[in-house]
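Enquirer:
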Amino acid sequence: MSFTVQRGTNVSHWLSQSSRRGEERAAFFDQTDIERIARWEFDHIRLPVDEEQIWQKDGRLDLEAVDLLRSCITWAIKSNLRVIVDLHILRDHYFNDEEVPALFTDPQARKHFVDLWTDLSGVLAEYPPEAVAYELLNEAVAPTAEVWNETWAPPHAALRKLEPGRTIVLGSNNFNQFQTYPDLAVPDDDHLVLTFHYYNPMFITHYTARWWSGGSYSGPIRYPGVPIPDSQHRALDLLKAEGAEWENRRFDREVMKADMLIPHEIAARHGRPLYCGEFGCYERTPEDIREVWYKDITTTFRDLDIAWANWDYKGSFGLVDSHGNETGVRSWLTA
Numbered sequence: 008m009s010f011t012v013q014r015g016t017n018v019s020h021w022l023s024q025s026s027r028r029g030e031e032r033a034a035f036f037d038q039t040d041i042e043r044i045a046r047w048e049f050d051h052i053r054l055p056v057d058e059e060q061i062w063q064k065d066g067r068l069d070l071e072a073v074d075l076l077r078s079c080i081t082w083a084i085k086s087n088l089r090v091i092v093d094l095h096i097l098r099d100h101y102f103n104d105e106e107v108p109a110l111f112t113d114p115q116a117r118k119h120f121v122d123l124w125t126d127l128s129g130v131l132a133e134y135p136p137e138a139v140a141y142e143l144l145n146e147a148v149a150p151t152a153e154v155w156n157e158t159w160a161p162p163h164a165a166l167r168k169l170e171p172g173r174t175i176v177l178g179s180n181n182f183n184q185f186q187t188y189p190d191l192a193v194p195d196d197d198h199l200v201l202t203f204h205y206y207n208p209m210f211i212t213h214y215t216a217r218w219w220s221g222g223s224y225s226g227p228i229r230y231p232g233v234p235i236p237d238s239q240h241r242a243l244d245l246l247k248a249e250g251a252e253w254e255n256r257r258f259d260r261e262v263m264k265a266d267m268l269i270p271h272e273i274a275a276r277h278g279r280p281l282y283c284g285e286f287g288c289y290e291r292t293p294e295d296i297r298e299v300w301y302k303d304i305t306t307t308f309r310d311l312d313i314a315w316a317n318w319d320y321k322g323s324f325g326l327v328d329s330h331g332n333e334t335g336v337r338s339w340l341t342a
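Residue numbers (our numbering): 8 to 342.
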């Protein structure tokens, strides 16, 4: 059997991007959540894990975190869900770093990247290849595509020696964006899934989100159409000054399709499945706009036969809120 997925969700802020530890971490996500995801007819989870959660500073595995990781995979298999284990943040690589991450400048950091995957393989190799896949790194931000190609190749080669039949998930440089796909050196690998992320337009999907530069804009927005109206002169002047006018082009379902056809055609050329591992719309975006955006993107996925996992299960983009109460997102994803 091969590793195949179609519809999933990201289990964020549990073994990644979280300060929770001990009982609080264990309680944040458990078997009842897995059963709920399966009941909603998703077929997989994408499971982000961070180096600082899975490994202590001295390089030893954190046994408590590893136990949670293994328990989650066991729960998922029991519920007939597949799992993509995503190495999300490294001590030497964070996608929001303001400077070039050490992963791309320090040979020792690159060697360490290989060692991390060797460790994870030792922890996870016993799980069936049709149930668990490995995503090499979330949203690489190398200075050039060539540097990213040089960086992912060693862990890919190491895993191929250790686990020849394991599916590996690989994305392009610069946040897995669709437009960087032509520069990805796709390897000849029968057990490879190509991935990209889609959060366009950011003024819609990250409206007032404080962690990106455009989050300071809180004026009117539109979707479909040009996100920021012509009447918002100050915001438009700022975009022009920053060379970011591209973020305010017209967006609709046809634009989404044209964007996604770039990685789609490359995946087809190599005979590999295509997977959108992240997409979503921030909870502060007006609800009527969010609903249309979600319906358009899932229609595009269906049109192009692209598998997907929304960001996220529990969070500010979530299927459920921080208290576990269902939001409207699931109904928009399955409409």
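Each residue gets a CB set at the ideal place from its N, CA and C atoms; glycine is no exception. Being a predicted model, the structure only gives us computed values, none of them experimental.
Would you kindly work out how many angstroms separate the C-alpha atoms of residue 35 and residue 238, rounded to a whole number?
Expert: Each residue's Cα considered, the two are about 44 Å apart.
Enquirer: Given a cut-off of 8 Å, decide if residue 270 and residue 188 are closer than it, judged by their beta-carbon atoms.
Expert: The answer is yes: Cβ separation under 8 Å.
Enquirer: Which partner residues of residue 55 appear in the DSSP bridge assignment?
Expert: Residue 55 pairs with 93.
Enquirer: Considering only residues of the stretch 192-255, which uninterrupted beta strand (DSSP E) runs meet the minimum length of 3 residues and lie entirely inside it, listed in chain order?
Expert: You should have 199-205.
Enquirer: Whose C-beta lies closer than 8 Å to the C-beta of residue 218 among residues of the same chain, with five residues either side of it excluded?
Expert: Counting only Cβ-Cβ distances below 8 Å, and skipping sequence neighbours, we find 103.
Enquirer: Going by C-alpha distance, which of 47, 85, 144 is nearest residue 95?
Expert: Per the Cα distances, 144.
Enquirer: Would you mind reading off the limits of the alpha helix (DSSP H) that contains residue 72?
Expert: Unbroken alpha helix (DSSP H) run through residue 72: 70-85.
Enquirer: So, for residue 193: in the same chain, excluding its five sequence neighbours on each side, which residues have a beta-carbon less than 6 Å away from its beta-carbon?
Expert: Cβ within range, chain order: 277.
Enquirer: What number of angstroms, rounded off, separates the C-alpha of residue 291 from the C-alpha of residue 282?
Expert: Answer to the nearest angstrom: the Cα atoms are 26 Å apart.
Enquirer: Just the Cα atoms here: how many angstroms apart are residue 88 and residue 115?
Expert: Between residue 88 and residue 115, the C-alpha separation is close to 36 Å.
Enquirer: How about residue 253: is its Cβ closer than 7 Å to a heavy atom in the ligand MN?
Expert: In terms of ligand content, the structure shown is empty, and the ligand MN therefore cannot be addressed.
Enquirer: State the start and end residues of the unbroken beta strand (DSSP E) segment that holds residue 285.
Expert: Residue 285 -> beta strand (DSSP E) spans 281-286.
Enquirer: How many whole angstroms separate the CB atoms of residue 175 and residue 201, which I take to be in contact at a CB cut-off of 8 Å?
Expert: About 10 Å; that fails the 8 Å criterion.
Enquirer: Does the distance from the CB of residue 70 to the CB of residue 61 come in under 8 Å?
Expert: Taking 8 Å as the Cβ cut-off, residue 70 and residue 61 do not qualify as a contacting pair.
Enquirer: Given residue 298, which residues of its chain have a CB within under 8 Å of its CB, disregarding the five upstream and five downstream residues?
Expert: Once the five neighbours on either side are set aside, the close Cβ partners of residue 298 are 335, 339.
Enquirer: Counting beta carbon pairs with one atom in the stretch 305-321 and one in the stretch 17-26, are three or more of them shorter than 8 Å?
Expert: Enough Cβ pairs lie closer than 8 Å, so yes.
Enquirer: Quick one: what's got a C-beta closer than 6 Å to residue 2's C-beta in the same chain, skipping five residues either side?
Expert: Residue numbering for the chain in the displayed model covers 8 to 342; residue 2 lies beyond these limits and cannot be assessed.
Enquirer: Tell me whether residue 158 is buried or exposed, calling it buried when 16 or more other Cβ atoms sit within 10 Å of its Cβ.
Expert: Result: buried.
Enquirer: Quick check: what's the CA-CA separation for residue 91 versus residue 139?
Expert: Spanning the two alpha carbons is a distance of roughly 6 Å.
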